[in-house]
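A.B. asks: Counting from 620, one number per residue, gives the positions in the sequence shown under this note's numbering.
Built from N, CA and C at the ideal position, the CB exists for glycine as well.
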Amino acid sequence: MTDIYFEDFYKNQVFELGSYTFKKKEILKFANEFDPQTFHTDENAARKSIYGEIIASGWHTGSIYMRLLYDGLLNRVASMGSPGTEICWLLPVHAEDTISANCKIQGKRLSKSKPDRGLLEITGYIHNQENKLVMTQKGILFVKCRA
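1. Between the C-alpha atoms of I683 and Y639, what's the straight-line distance to the nearest angstrom?
2. Taking only the alpha-carbon atoms, compute the straight-line gap between G743 and Q756 and give it to the nearest angstrom.
3. Taking 8 angstroms as the threshold (C-beta atoms), are F653 and S676 in contact?
4. Rounded to whole angstroms, what is the Cα-Cα separation between N750 and F641?
5. Would you grab the beta carbon distance between H746 and I718 for me? Rounded to a whole angstrom, and I think it's under 8 angstroms.
6. At what residues does the beta strand (DSSP E) containing S719 begin and finish?
7. At the level of alpha carbons, what is the spacing between T657 and I673?
8. Give the DSSP-derived three-state secondary structure of E672 in the structure shown.
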């Protein structure tokens, strides 16, 4: 259901998006299919790595953030897509870590060429259970105008 349009957003607005706990089985499954680096897939190799144990792929963390963003916000927004611009993986995510996410509207402007939409500058912040920042994501979100 669409009930949030471009006009409803304002600069510095923050949306809490929920949380997710990573399970080792899911980390291994995702990594084996999409990011088979050994510190994601092999216990022995991971122990010998700089991480000391299996960690989640950054792409897995990003995928979970996208799910939280959709469930916590985008499913209600008149979204027209986003050319994501930047992802930063700051700390590893381990099995049994719980991440929490929020996003902040950094800025907004109407489209110069398409008056039926606006552009939101949005930054996602993903923290672990110790409130340490593990990932950020920046993007531009195209959103329909109400009128």
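C.D. replies: In short:
1. I683 and Y639: Cα-Cα distance of roughly 8 angstroms.
2. Going from the Cα of G743 to the Cα of Q756 covers about 5 angstroms.
3. Yes. Within cutoff.
4. Between N750 and F641, the C-alpha separation is close to 16 angstroms.
5. Confirmed, Cβ separation roughly 7 angstroms.
6. Where S719 is concerned, the enclosing beta strand (DSSP E) stretches over T717 to L729.
7. Their Cα atoms are separated by approximately 8 angstroms.
8. Looking at E672 - three-state DSSP - the assignment turns out to be coil, as it is neither helix nor strand.
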